[in-house]
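Chains as they are written, first to last, in our numbering: chain A, 1 to 159; chain B, 160 to 318; chain C, 319 to 477. Think of the CB as a built atom: it goes at the ideal place given N, C-alpha and C, for glycine as much as any other residue. As the structure is a computational prediction, the values presented were derived from the model and not from experiment.
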Amino acid sequence: RSGEMAKMTQLIDNEVFRAYATYTTIILLKMMLMSLITAYFRITRKAFVNPEDTASFGKGESAKKYLRTDPDVERVRRGHLNDLENIVPFLGIGLLYALSGPELSTALLHFRIFAGARIVHTFAYLIPLPQPGRGLSWAVGYAVTISMAYKVLKTALYL
Amino acid sequence: RSGEMAKMTQLIDNEVFRAYATYTTIILLKMMLMSLITAYFRITRKAFVNPEDTASFGKGESAKKYLRTDPDVERVRRGHLNDLENIVPFLGIGLLYALSGPELSTALLHFRIFAGARIVHTFAYLIPLPQPGRGLSWAVGYAVTISMAYKVLKTALYL
Amino acid sequence: RSGEMAKMTQLIDNEVFRAYATYTTIILLKMMLMSLITAYFRITRKAFVNPEDTASFGKGESAKKYLRTDPDVERVRRGHLNDLENIVPFLGIGLLYALSGPELSTALLHFRIFAGARIVHTFAYLIPLPQPGRGLSWAVGYAVTISMAYKVLKTALYL
């Protein structure tokens with residue numbers, strides 16, 4: 001079975017694939033961080049959505065007042081959903097792009113710009129920065145994904 | 160290193176994998192289009208959710224009235240979320256299916272029907288078409304994903 | 319072409335990869351089940367969001383009263399979104415982890431705990447169980463994903 005393992009690790013030995021693995025993991029960890037930030041704001045703002053989450057604040061009306069929306073919580077949640085909407089395409093298209101034989105330097109450029117843009121987008125959303133800060137960072141990540149999609153379709157197109 | 164690159168591109172040279180790459184890229188680009196449609200409706204309907212997005216309309220009360228929900232914006236957003244809920248399973252199960260050694264013609268059938276169903280679903284949601292148009296297109300994509308999942312589990316099951 | 323097919327199936331013949339394929343498929347099917355549960359509650363609670371979905375209940379005011387939110391529907395939808403937020407990172411990081419050459423027993427431990435935690439999370443959300451049931455099951459899945467991300471970065475880091 002060690003022969004098979006050796007074949008498997010060929011993929012992770014490839015530099016483009018290693019770069020994809022690195023930046024994808026970083027950007028997915030960043031997305032996961034949104035869950036912790038949401039939890040932080042829910043607890044500090046005392047703004048919950050599930051009745052069972054407020055049980056520690058007592059019963060009945062005293063707990064019910066914490067079942068409410070809070071602008072900061074909702075802001076983090078919108079940032080989280082925007083991450084999902086943009087990181088899922090990167091996950092899929094980026095993997096196919098990494099397997100389509102791009103130049104290492106070109107691939108690194110794509111991955112680094114995407115990861116940077118999404119990190120800037122998160123700060124722009126949470127601080128918040130005045131527009132077009134958030135809009136531009138979103139557009140940069142979007143454009144990088146389109147560019148990778150173009151390369152995938154040029155290399156692999158099979159309809 | 161060119162030897163490793165050659166090994167890498169074996170994956171993208173495989174016809175089933177190329178078909179997966181093609182249809183996955185197409186359907187992820189379609190999902191990404193939902194972001195642009197949402198932005199289009201937010202701007203034309205003047206319906207925003209973040210205060211910083213309305214700053215160009217002036218300050219105070221004059222800008223605040225644009226912080227509202229709009230039925231068309233919400234409709235696109237529901238379509239986008241439905242895409243996420245259904246395309247994420249396709250992304251994962253489809254990749255594993257493509258690696259499970261299906262017949263090329265069978266794989267193409269799965270990928271084409273899924274992509275077609277999701278495109279019809281988008282039109283059915285946005286026009287909107289009367290039911291069961293949207294429901295049926297959703298169910299077709301769902302059934303295709305279940306069929307691929309069955310093949311993956313039959314081939315690879317290791318609990 | 320059968321030579322290429324043989325190379326392709328090497329991936330699915332690897333036991334760690336087969337385990338990843340199995341648990342990923344199971345957990346994506348579980349996530350897809352949330353769509354059916356949402357539909358079930360929408361129909362039994364008569365709580366819809368799209369006007370075209372209520373057309374079978376008649377026209378005008380008689381149908382409009384079914385355009386409403388229902389606590390049970392909203393609960394399932396929150397569980398579904400939480401799945402997306404946590405299963406998408408597992409999908410990406412888990413794939414890279416499976417390719418990073420972990421011990422089979424360690425990999426199985428990660429996959430089994432993640433899948434178990436997400437299934438418990440779903441029950442905890444839908445029953446609902448008192449806290450910290452849901453919180454703990456969420457945290458276990460989160461921790462497993464972080465552990466896999468650590469292994470990926472340790473093996474593949476290429477910035």
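For residue 211 of chain B, the residues of chain A that pass the 7 Å Cβ criterion are 128, 130, 131, in the order they occur in the chain. Put simply, the region 124 to 138 of chain A does not touch the region 43 to 50 of chain A. Fewer than three CB pairs are less than 8 Å apart.
Between the alpha carbons of residue 184 of chain B and residue 274 of chain B lies a distance of about 10 Å. By the Cβ neighbour-count rule, residue 18 of chain A is buried, with 16 or more other Cβ atoms within 10 Å of its own. One Cα belongs to residue 251 of chain B, the other to residue 346 of chain C, and the distance between them is close to 8 Å. The beta carbon of residue 237 of chain B sits closer than 6 Å to none of the beta carbons in its chain outside the five residues before and after it. In this structure, residue 38 of chain A lies away from residue 100 of chain A, with their beta-carbon atoms at least 9 Å apart. For the pair residue 270 of chain B and residue 175 of chain B, the Cα-to-Cα distance works out to about 10 Å.
Residue contact with chain B for residue 333 of chain C: present (Cβ-Cβ distance below 9 Å to some residue of chain B). The DSSP-derived three-state label of residue 385 of chain C is strand. Contact residues of the region 19 to 30 of chain A toward chain C are 19, 21, 22, 24, 25, 28, 29 (C-beta to C-beta distance below 7 Å).
The beta-bridge partner set that DSSP reports for residue 207 of chain B consists of B:226. Interface annotation for the region 347 to 362 of chain C against chain A: empty, criterion Cβ-Cβ distance under 7 Å. With a contact defined as Cβ atoms closer than 8 Å, residue 278 of chain B and residue 189 of chain B qualify at about 6 Å. Interface residue (Cβ-Cβ distance to chain C less than 9 Å): residue 55 of chain A is classified as such. Around the beta-carbon of residue 103 of chain A, fewer than 16 other beta-carbon atoms lie within 10 Å, marking it exposed. For residue 391 of chain C, same chain residues with a beta-carbon under 7 Å away, outside a window of 5 residues either side, are 356, 359, 360, 363, 365 in chain order. Contact of residue 113 of chain A with chain C is not assigned, every C-beta pair being separated by 9 Å or more. Spatial neighbours of residue 214 of chain B in its own chain (CB-CB distance under 8 Å, excluding positions within 5 residues in sequence) are listed in chain order as 222. CA-to-CA, the gap between residue 193 of chain B and residue 377 of chain C works out to about 30 Å.
Straight through space, the alpha carbons of residue 350 of chain C and residue 248 of chain B are spaced by roughly 7 Å. At a Cβ-Cβ threshold of 9 Å, residue 254 of chain B and residue 340 of chain C do not count as neighbours. Here residue 338 of chain C is not near residue 443 of chain C, since their CB atoms are 9 Å or more apart.
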